[in-house]
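Protein sequence lines, in the order shown, are assigned to chains A and B.
-19 is the number of the first residue of the first sequence in the numbering used here; add one for each residue after it.
237 is the number of the first residue of the second sequence in the numbering used here; add one for each residue after it.
Take a look at the structure below.
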Amino acid sequence: MNKPITLQEFVCNSWSKRSVRIMKISLILCLMALQITASNVYSQYVNLKLSVKNTTVAAVISSITHQTGYEFSYDAELLNKQIKNVSVSAKNERIENVLTELFKDTGIGFKILDNRVFLIENFEKNKTSENKTAEVQQKQKTVTGTILDQSGVPVIGANVVVKGSSVGTITDLDGNFTLNNVPDGASLLVSYIGFLEQTILVTNKTSFNITLKEDTQKLDEVVVVGYGTQKKVNLTGSITNVKTDELSSIATSNLSNTLAGRAPGMTITGNSGLMGSSSEIRMRGGFGDPLFVIDGVIRDKASFDALQPNEIDQLSFLKDAATASIYGSSAGNGVVLVTTKTGSKDSKPVFDYQGSYSFSKPTKTLFSDMFTATDELTYQNRVAEFQGLAIPNGDDEFEYFKDRSYNVNDYIWQNPWNTKHSLSVSGGNEDVQYYVLGSYLGEEGSYVNLKNQKFSLRSNLTTKLSKYLTMNLNLSAYQSDDKRFFWPYSDDDEFGVYDLYRCTFNALKTIPFYANADGTPSTTRTDYPIYPAIGSWQSWNVVDQVIGDRYIKTRKRNMNAILSFNADLSFLLPGLSTKVLANYIGNDYTRKKYMTHQKNYKFQQADPKGNRFLPGPIDEDQVNIFTFGNAYENLQYGMNTLWSEQFNWFLNYNYSFGKHDVAATVVFEQSSNGGEYVYAKADNPLTSYDQMFVYSTDAEMRTGDASEETGGRLSWIGRFNYSYAQKYIAEFSFRYDGNTLFAKDQRWGFFPSVSAAWRLSQEDFMENTSDWLSDLKIRASYGTTGNDLDVYGNKITPFSYIEKYVSGSSYIYGDALANGITPGDVPNPYLTWATSTTYNGGLDFGFLNNRLSGTLDVFYRKEKDILGTRVVTLPSTYGQSLAPENYAARSWRGGEMSLMWRDQAANGKIKYSLYANVGYSKDQWDVLDQSAVYTTGNLSYLSQIGMADSRVVGYKAVDIIRTQEQVDALKSSGFKQWGRDPYLGGILYEDTHSDGYVVGPDGKVDSNDSYNLLSDNATPRINYGFGGSLNFKGITLDLHFQGVGGYDRFMGGPSGGFYQYGSTTRPYYPIWTSDDCWRTDNVDGKYPRVIGKSWYESGAGSSTFWKRNGAYLRLKNVNLGYDLPANLLRPLGLTKVQVFMNATNLFSISAVNEFMDPEQEYYDSYPLMKTFTFGLNFTF
Amino acid sequence: MNKIKYIFLSGFAALILNSCDSLDIENTTSYDANLVWNDDALATAYVTNLYANVFDNWSCSADYASEQVHGMPFYDTSITLTSGNFKKFDYTTIRLINEAIVKIEAGGLDQSVKDELLGQVYFMRAYVYSDMVFYHGGIPYITVPQDKDKDDLYVSRNSTAECFNFLIADLDKAISMLPEKVSGASSEYGRIDQCFAKAYKAKVLLYKASPQFNPKSMYTNSHWQEAYEAAKTAYEFCVNKGAALTPSYSDIWLQEKGDEVVFAVVNSYPNKVAYWDYYVRPGSLSRSTAQNPPTWNLVKAFPMLDGKSYNDPTGKYYVGTEADLLQSFWKNRDPRFASSILYNGDLYPVQGTKSGYRQYTALGIADQDDSYGTNPKAGVNATNNDFNTGFFVRKGSDLSLSQDLVATYSIDYILMRFAEVMLTYAETANETGHQDVALEMLKQIRKRAGIEAGSDNMYGIAGTDRETLRKAILDERNVEFCFEGHRFMDLRRTRNMMKLNGLEKFGVEAIAINADGTDMNLNEAKEKAVKFELKPENFRYKLQQVPLSKNSEKQFLVKESYYFFPIQQSKIDENQNLQQNIDWGGTFNPALE
């Protein structure tokens, strides 16, 4: 043994717990010094057979280490001590009993902490041996010293050894040590768990005051990995861990909204600020949701979103196949792992309360607030001017609307707010640990009639049933009640509500929303809602739409129970344990929709000849019933009751001998799920009331529907881990997965992975660098995962492998409806997974005593056998699409880097950290069928092969046509755009293609000309985040910036470009009221001319005219907290009180800001919000 | 230790009990394929789905490509090789049909059931292919569901002549298996019967004989005789089975399951509705802007009450010039005008409106959703001048539906009515020397329309020679079948399509006038309009081009090459064996000669 002391880190679950243990070590060492007794909280049962005579302590402990895995710390001299008779034969005996027996007549005492045994001789004997060695080794020095931590507290039990020798000692109660026989010029290595190692050069000085620095790298940090945990230092794959304590002060109803920019390689986009909206999570440029695993159980994204940040203990993103392949066929898009908090072993009840209030405002001015009635009048005049018609609005109209404008937001908008309260209690003792959290969230959304309430509860209880058996019950439940206005034109669970938002800002500003009987406009609701006659579209009253009595109510409930038993089987084989886990999830939602018609009155013009906006008395007969597409008023219920269960059996084995650490885990997993969907609707009520009994009982007026689903999974999972001397680490894992989506003989897939790491910094030859390089690890991994998604990222439909018939269209004969059936999708009996293979290489490093630390990863991922429809191979006269086949392939390349600088200043009074992370990823299709025109035809330059899936393709715009000369020249050449003559103020496009997509001009611009590749970065390729935190005298400040780069996009609405949807009446989009539009008196205008037509020339369509760099940087989050001083709190019985303020989305920098918030999908998407939160946190 | 054992035993027991079947799940969403072709109900349901795929319902865009309603579908690049515009290549439905034919024959159903179903399916195959042939000329006439591993999928186009032979063969096979007549009282009403199959066979042969397919022997080719015989058979068979014209033109649709129906797609609220009224009504009485406002071009085309044109000086109701007609277009017209077209000041008794309700379109008077024109006195231009015409479709409207129930429209869609059988008979008879038959058919149609017989009992028909009758039949089809989707195909079939080239469409703006002819004060006009006191004669009328906007396409640009639309380039890219039509750069001759 070169080094008498090896670092064997503690296995524990969190950093916070670890510090408790360090205190405990100190405490115990104190006790030990006074009275060496055998007792240990962590002692284990061991098997030991030892029978020797006349040997040394060294030999004995070497043998024990070999057999039991226990490591020893000792004073080097002890090793040569002779022991006469040793004879132990222990089976399943406590280690302390064995050692007591062993050392009973030797004067050697011991103390056990986890896997380590501290040996110490009697003080008297120590002294004599000191004298003795002093005599023998006179040429050598005696060195003394004191070891303190940064706050000046003595470090007890720290190891001090002479490098390269077996000479060493440990510090006493006051942190003092004395070391004899130290050669001149030797180096002392000072180490202690949780602190950075220090090397001291012994020169003339013989007395040292050494301050050990806390190891911020937290070498013993444990992270959750699939089906287990692992020490961070031992990781071989690419995992990013997110600190959830930084998230808990952000008030949002969905966890995913807090994560943007927190982890490299993750794209997290929230494109709506509507109450309840969530963010999309994509890992390394993937196309689908990652797999969510909460407390070892596969869950859906909704369950992940429902988690409270403060109930989470660990949150990890498994990014490469080495870490994710253990989830096999569902892990193709990465895995998000969450473990929730548990109680602690030695703690009184700790109560923690957090309460907050937050309110939000749109990040950009709401469209409806961006223009007024006067703008509308101007718009109408401009349209008429272009059309060459009489100018409709004159002085009368402008005068009338001088200080008048009917704004829909005055009736329906409110700044959203929410309030959140959570109370948790945790604690426990040796036998029972508990953590219970209850929380409540109340929200009101941005429109009147948007309300949400959510209650959630978690109870995590661990009990030791016997000395071998532990039981854990983790219960969680939540209910959310959501109410929103009735809106049938987008999905009920959709948060973009683009159509509704559009309706709000394009509502006429010149016609009142409500009137009195005499026609005078009213600012409040009256019996006479007015419908705007906009001439080109079915019209309704938008205000009533939102504040009327119609509603959609959704109640979601979720109950999850995980029961597990963990048995220590070390009596059978040391290091063996087993666990069974059973999980049940009950999940339901009930949606109720109450729909009433709108009865709106026509706006009456008092004077048809004069100012047409002057209101006249309401005509009771001129009404327009708006039905929302439902002939009768109705009431609908939709219900889902879903369940799933999962059973796991684990067999774990952990064993260490010498420098070898071996771990193995084998898991069997089985799950089933099912549920029913039921729907009921009734039409035509006797009176407006939201209960079924008032509705017609005529069978034709009542509708019902139901369906069922079932599913199941079966898997075998294994992981084998080996490490040598904590330097060389290798891991193999697999998952053998059965999937019901595939035919019986195609059902099973095997997904292996291997990975390895080399902790270079632990090597002897790296010692020279240890003053600046604290940690360096090289990682490499290879692994496969499966993906049951098709080329469009949709989940494969069940039973796609057999021929079947499904419901088709119905038809009426006579008076009766007959059901139709039609062949289901063409079956493919050979259906299988897409298999994704990832190669990952990485570096973990720490510099300057780990003040600067970070990771670097590069990856290449190839997915093959993606299910897709073969398109090129068959003519369409074949009459059906081919059965989708597993043929397509695509690949991704990318990497991530994260850096962290953590330090303190002003003697530890200021603690600060800075971090930055960045991820890059780009995909490309390697094999994909495309229609002939893209392979051999004229558009072969747009072939997807070798290119990213999302690209920017569109027209090339030259500029706005600004002068009559230009128009004349174009006209005289016969140049037409979509068959129309060019006009002043319209966009001129480049004539790039002829009919049949032939490259080259043909004297006209039409749809052939839209096939230009403008950029292949249609989704952000770079995601980054950076920020820092500062702590000074209880004040903490966190700043978090986030952004994307490598991103080109079109601005505009969902149909591409900016349509002049409003025709001759309404500007529709505020861009058309902008002073920057081209006019005869503004020939340099930035935007096209207002003409009241949605033509390509007037702005519609995706072209370079609207292409912008989509990159942005935003201050995502600022958090300011203040911890009240402890001396104020102590008399009140409080441990901690913090007040905090938090702001999100304060500002952004982007070219896209010209029109909208950079995260918004469309110009007219529902806006994003900036949120301000004030909160209070106390612990007692 | 006992406890541990217990827990582990139960754990393993659970494992063993469950592990066998968690992957063995039940398919809860589809039919077992093995059942379908041996089960009457399922096989019939398969055919039912075909009905829904094959037969259309009411469509407000049926005549978009003609002069009848607003719209500018033909411009320079409206039909190209690449776009899907004016292409028909529905092999998905063909495959479903072929699948049915093969599987029914192979399946274990009773022979009677097999025949019943096969008759319908053979008809549908001909029906779907015929549309493709009318569009493009000969197409690959595939009659089996191809096996991609065994069959040569790189098929060539069958010649147009072959295609017509296949069509007739399929129709004959269908006729041999179909019931003679499915009556309106039958619970099977809506299914294909021999009446329809024979009438459709006559229609297919009419196309075959028509100038479109015979540009060099337009009216001299021998196919006319074949067509005449089929048309005669169809006519006589239908009459024999009780087919007749509905006595009143406006009742044809409203009285469902009437004698005039040869084939109808049944609608019934709430199971199947059509959006006809939703799209044809004026915006203020529906929930959508009117999608197909009729043009002045069509209004002009209606004869006067005596069956003669407004500018025919021999007419009893002779008007004179177009400008004269403009100020009196609603007076003394063929009654089909008033039952087909809604005009300014017309009575329009929609459920829920006040009694005496008149529909207005005059700017400043009418609801903004309905108004049309640029009358400067209104101080505003109508919103929809590019779209509206001052007229709305009235044909087929169900005025008993109030504005809120407009989307419950469920009147049956008549896909073929007896009047068409008669006019097919008339046309083929006229071209085969049976002018007497042609004249008789025309007279019956005009008589039912309410046109005066006249002293010569000619119902305004100008002559009995072949050319006069040929024109009379084409004109008759224009008004009799307006908005029913025939016009563009009729012009094309008879090689009159180029008459549409350069076509401009017009609408009619109404401006209220006083008795002395001066423009009425709008306030006064408005007051009167609210009381429905303004009648059509209280307005002067003004033509406006549709669309009105500057820079809009305003003229049809129709090319000779449109007599046969091209096969979409992407289909040829997929299969080099498909030849393109001659006029589109290929070598395939889509005509019969």
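C-beta: ideal position from N, C-alpha, C; glycine also.
With 8 Å set as the bound, which would you pick, yes or no: does the beta-carbon of Q525 (chain A) sit closer than that to a beta-carbon of chain B?
no
Is S1163 (chain A) close to chain B? Criterion is C-beta to C-beta, closer than 8 Å.
Residue numbering for chain A in the displayed model covers -19 to 1160; residue 1163 (chain A) lies beyond these limits and cannot be assessed.
Quick one, which of A:M539, A:G980, A:P1000 has its alpha-carbon nearest V1169 (chain A)'s?
The requested residue 1169 (chain A) is not part of the displayed model; chain A covers only -19 to 1160.
Below 6 Å CB to CB, which residues in the same chain sit around G1203 (chain A) once its five sequence neighbours on both sides are set aside?
Here chain A comprises residues numbered -19 to 1160, so residue 1203 (chain A) is not present and cannot be evaluated.
Express the C-alpha separation of A547 (chain A) and G763 (chain A) in angstroms, rounding to a whole number.
31 Å
Does G718 (chain A) come within less than 8 Å of chain B when only Cβ atoms are used?
yes
Enumerate in chain order the residues of its own chain whose CB-to-CB distance from M672 (chain A) is below 7 Å, with the five nearest sequence positions on each side excluded.
L615, A662
Nearest chain A C-beta to T284 (chain B) closer than 8 Å, yes or no?
yes
Classify I1015 (chain A): buried if its beta carbon has 16 or more other beta carbons within 10 angstroms, exposed otherwise.
exposed
If the criterion is Cβ atoms closer than 8 Å, does the pair I846 (chain A) and N866 (chain A) meet it?
Cβ atoms of I846 (chain A) and N866 (chain A): closer than 8 Å.
Using 8 Å as the cut-off, can you tell me whether the segment 397 to 405 of chain B makes contact with the segment 357 to 369 of chain B, which would need three or more C-beta pairs spanning the two stretches below that distance?
yes
Taking only beta-carbon atoms, is R706 (chain B) less than 8 Å away from chain A?
no
What's the C-alpha gap between D154 (chain A) and V133 (chain A)?
Rounded to whole angstroms, D154 (chain A) to V133 (chain A) spans 9 Å at the Cα level.
Under three-state DSSP, which class holds N1157 (chain A)?
strand
Whole angstroms are fine: how far does the CA of V97 (chain A) sit from the CA of E51 (chain A)?
Roughly 6 Å separates the two Cα atoms.
If you measure from the beta carbon of E600 (chain A) to each beta carbon in chain B, is any gap under 8 Å?
no
With a cut-off of 8 Å, does the C-beta of G615 (chain B) fall near any C-beta of chain A?
yes
Any idea if I8 (chain A) is buried or exposed, counting beta-carbon neighbours within 10 angstroms, 16 or more meaning buried?
A caution first: I8 (chain A) carries a pLDDT of 39, below 50, which makes its placement in the model too unreliable to give a value.
Counting only C-beta atoms, is S833 (chain A) closer than 8 Å to chain B at any point?
no
Reducing DSSP to helix, strand and coil, say where H1020 (chain A) ends up.
strand
Sorted by chain position, which residues of the same chain lie with C-beta nearer than 8 Å to T318 (chain B)'s C-beta, five sequence neighbours on each side aside?
Q804, Q805, S806
In this structure, does DSSP put A13 (chain A) in helix, strand or coil?
A caution first: A13 (chain A) carries a pLDDT of 38, below 50, which makes its placement in the model unreliable, though a value can still be read off. In the structure shown, A13 (chain A) sits in a helix (DSSP, three-state: H, G or I).
Report the option in A:T815, A:W881, A:L811 whose CA atom is closest to the CA atom of F827 (chain A).
A:W881
Would you kindly work out how many angstroms separate the C-alpha atoms of A736 (chain A) and E177 (chain A), rounded to a whole number?
About 25 Å.
Is it right to say R438 (chain A) is buried, meaning 16 or more other beta carbons lie within 10 angstroms of its own, or is it exposed?
buried
Please report how far the alpha carbon of Q304 (chain B) lies from the alpha carbon of G738 (chain B), in whole angstroms.
About 15 Å.
Quick check on this structure: which residue in A:K382, A:K572, A:K328, A:F284 has the alpha carbon closest to the alpha carbon of S436 (chain A)?
A:F284
Starting from A500 (chain B) and walking both ways along the alpha helix (DSSP H), at which residues does that stretch end?
It is not in any alpha helix (DSSP H) - A500 (chain B) instead sits in the beta strand (DSSP E) that spans 497 to 501.
What's the call for M1136 (chain A), buried or exposed, on a 16-neighbour Cβ count within 10 Å?
buried
Our contact map puts N732 (chain B) next to R723 (chain B) with C-beta atoms below 8 Å; I'd like the distance itself, whole angstroms only.
The Cβ separation is near 10 Å, so there is no contact.
What three-state label does DSSP hand E783 (chain A) in the structure shown?
It is coil, neither helix nor strand.
Is there a Cβ of chain A sitting closer than 8 Å to that of S319 (chain B), yes or no?
yes
May I have the straight-line CA-CA distance separating V670 (chain A) from G600 (chain B), to the nearest angstrom?
Reading off the sequence shown, one finds Asp at residue 670 (chain A), where the question assumed Val. D670 (chain A) and G600 (chain B): Cα-Cα distance of roughly 41 Å.
Please confirm whether A541 (chain A) has its beta-carbon closer than 8 Å to some beta-carbon of chain B.
So, not an interface residue.
Using the Cβ count rule (16 or more neighbours within 10 Å means buried), how would you classify W752 (chain A)?
exposed
Any idea if N161 (chain A) is buried or exposed, counting beta-carbon neighbours within 10 angstroms, 16 or more meaning buried?
Burial call: buried.
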